[in-house]
Amino acid sequence: MATWQLVLCGLVMLLGLVGVVVPGLPGPVIVWAAALWWSLTEKPGPAWAFLAGATALLLLEQAVKWLLPARRMRGAGITRRTFLLAGIAGIVGFFVLPVIGAPIGFVAGIYGAERHRLGGHGEAWVSTRTVMRAIGTSVLVELFACLLVAGGWLALVVVH
């Protein structure tokens with residue numbers, strides 16, 4: 034693989050890492066696509082082993098990401114309606130206050146739905162914090178897996 038291709042592959046991986054934290058970008062998919070691109074143009078043995086490991090790790094991450102928050106949120110009594118309203122508020126927030134309005138609207142939507150459902154500020158705030166912790170945990174799990182893949186790729190590039 035030529036140097037310019039390695040740089041582009043690294044930039045795609047970096048975009049994937051940014052995509053983990055920025056809503057709307059599928060971070061793990063982008064990181065995996067960069068790993069696939071590199072594996073298709075490198076020597077067969079280590080590159081394919083790396084791709085298989087990256088694929089397994091990212092699939093495991095997806096399973097863990099969806100299992101952890103679901104348990105916490107079910108225990109707190111969070112409904113699907115809450116997430117629907119939060120998603121709508123996030124979309125509206127994105128257009129009212131471009132980019133940074135999306136997370137602000139999402140959190141405000143959760144709080145508003147929970148305040149309506151639970152009837153008070155204290156309970157709604159506790160519920161909102163529970164949801165945000167669960168979402169934060171899933172983002173950290175996703176970021177850790179993508180960092181492992183990117184680090185493994187970088188190590189293989191340096192070694193070869």
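Residue 34 is where the sequence shown starts when you use this note's numbering, and the numbers rise one by one after that. The C-beta atom is built at its ideal place from N, Cα and C for all residues, glycine as well. Note that the structure is a prediction, hence the values are computed from the model and not measured.
Would you tell me roughly how many angstroms separate the C-alpha atoms of residue i and residue j, rounded to the nearest one?
{"i": "V51", "j": "I111", "result": "28 Å"}
{"i": "K76", "j": "F177", "result": "27 Å"}
{"i": "H154", "j": "G145", "result": "9 Å"}
{"i": "L47", "j": "G152", "result": "43 Å"}
{"i": "W137", "j": "W81", "result": "Here the sequence assigns Ile to residue 137, which means Trp is not the residue at that position. Cα to Cα, the separation comes out at about 42 Å."}
{"i": "L58", "j": "G49", "result": "8 Å"}
{"i": "V45", "j": "A66", "result": "8 Å"}
For residue i, collect the residues of the same chain with a Cβ closer than 7 Å to its Cβ; drop the 5 residues on either side in sequence, then sort them by chain order.
{"i": "L90", "result": "A178, L181, V182"}
{"i": "S72", "result": "A80, W81, F83, L84"}
Quick check on the burial criterion: 16 or more other C-beta atoms within 10 angstroms. Buried or exposed for residue i?
{"i": "I133", "result": "exposed"}
{"i": "A87", "result": "buried"}
{"i": "T115", "result": "buried"}
{"i": "G142", "result": "buried"}
{"i": "G60", "result": "buried"}
{"i": "G78", "result": "exposed"}
Please return the same chain residues whose Cβ sits closer than 8 Å to the Cβ of residue i, not counting the five positions on each side in sequence.
{"i": "L101", "result": "A167, T170, S171, V174"}
Near residue i, what residues of its chain come up, given a Cβ to Cβ distance below 6 Å and the 5 sequence neighbours on each side ignored?
{"i": "A158", "result": "The displayed chain sequence assigns Trp, not Ala, to residue 158. Excluding sequence neighbours, W158 sits near nothing in its chain."}
{"i": "F127", "result": "G134, A135"}
Would you grab the beta carbon distance between residue i and residue j for me? Rounded to a whole angstrom, and I think it's under 8 Å.
{"i": "V140", "j": "T161", "result": "7 Å"}
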